[in-house]
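In the numbering used here, the protein residues as written are 49 to 312.
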């Protein structure tokens with residue numbers, strides 16, 4: 049069982065039972081008590097639960113109405129999810145980019161998919177906190193790549209935090225392309241990492257336009273840290289999997305929603 053799946057089960061169990069012992073969770077998930085302690089320590093640091101002597105209790109303050117959809121997991125894992133949807137979204141988004149623009153692409157796998165389509169441009173500046181994306185674009189003629197400053201995370205292959213805030217204050221982008229772990233009418237775009245959310249919030253503020261690239265699985269879910277409200281978004285590009293009912297809800301809330309068609 050993967051760590052993310054295991055910790056989701058722990059959270060679900062604590063939500064229902066309010067508390068649990070380490071031994072109880074070990075038997076439930078058929079793993080060692082050492083593994084459970086490691087999970088509980090991490091979840092406690094992230095304010096997902098409150099660790100107690102010999103177990104844990106549900107943390108009402110931090111997780112009311114928050115789904116554990118935003119847990120950090122490896123970039124390569126994310127890149128394998130919803131590939132057709134990401135391709136469709138990227139093909140729609142690429143039409144909005146013109147030569148001589150300065151754009152921001154976050155470290156999401158959806159923005160990476162978009163970045164892989166930039167080779168045809170002759171003069172473009174790309175600001176990103178995505179290490180994989182920067183490495184892929186650095187040798188393409190005509191594209192200038194600027195990495196944001198901050199802390200390198202090995203799991204998501206991204207740079208987080210605002211150590212490069214002075215740089216971001218000096219650079220104004222034409223379009224900020226961003227994705228998220230969750231998207232809802234109430235909370236807008238949300239991410240699990242508060243540090244990455246801080247960075248994206250600054251990038252949104254410094255951009256003339258903000259366009260969210262959100263596949264249909266992210267709608268009506270919420271992660272821990274909000275970084276953009278519906279009013280901050282000029283457009284949301286999603287895929288063909290979005291239901292008509294969900295589409296109506298977001299359009300009535302004022303979202304400029306663009307549906308990318310399935311590729312043949």
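We treat Cβ as the ideally placed atom computed from N, Cα and C, and that holds for glycine.
Helix, strand or coil: which one does DSSP assign to residue 297? helix
Distance between residue 233 and residue 301 (C-alpha atoms, nearest Å): 7 angstroms
How would you write the range of the alpha helix (DSSP H) that residue 272 sits in, first residue to last? Run containing residue 272: none; DSSP gives neither H nor E here.
How many angstroms separate the CA atom of residue 112 from the CA atom of residue 272? Interpretation of residue 112 is limited by its pLDDT of 41, a score under 50 that renders its predicted location unreliable; no figure is taken from the coordinates.
DSSP three-state call for residue 149: helix, strand or coil? coil
Given residue 93, which residues of its chain have a CB within under 8 angstroms of its CB, disregarding the five upstream and five downstream residues? none
Which word fits residue 241, buried or exposed, when buried means at least 16 other C-beta atoms lie within 10 angstroms of its C-beta? buried
For residue 184 and residue 306, what's the separation of their Cα atoms in angstroms? 28 angstroms
Give the straight-line distance between the Cα atoms of residue 146 and residue 166, rounded to the nearest whole angstrom. 10 angstroms
What's the call for residue 133, buried or exposed, on a 16-neighbour Cβ count within 10 Å? buried
Beta-ladder partner(s) of residue 233, from DSSP: DSSP lists no partner for residue 233.
Using 8 angstroms for Cβ pairs, my map puts residue 153 next to residue 174. What's the rounded Cβ distance? 6 angstroms
Nearest-angstrom beta carbon gap, residue 198 and residue 212 [assumed within contact, 8 angstroms]: 6 angstroms
Could you check what DSSP says for residue 134 in three-state terms: helix, strand or coil? helix
Identify the continuous alpha helix (DSSP H) that holds residue 218 and give its terminal residues. 213 to 218
Tell me whether residue 84 sits in a helix, a strand or coil according to DSSP, three-state version. helix
Quick check on DSSP: helix, strand or coil for residue 206? strand
Answer yes or no: do residue 274 and residue 227 have a C-beta to C-beta separation smaller than 9 angstroms? no
Relative to the alpha-carbon of residue 261, which residue among 297, 142, 206 has its alpha-carbon at the smallest distance? 142
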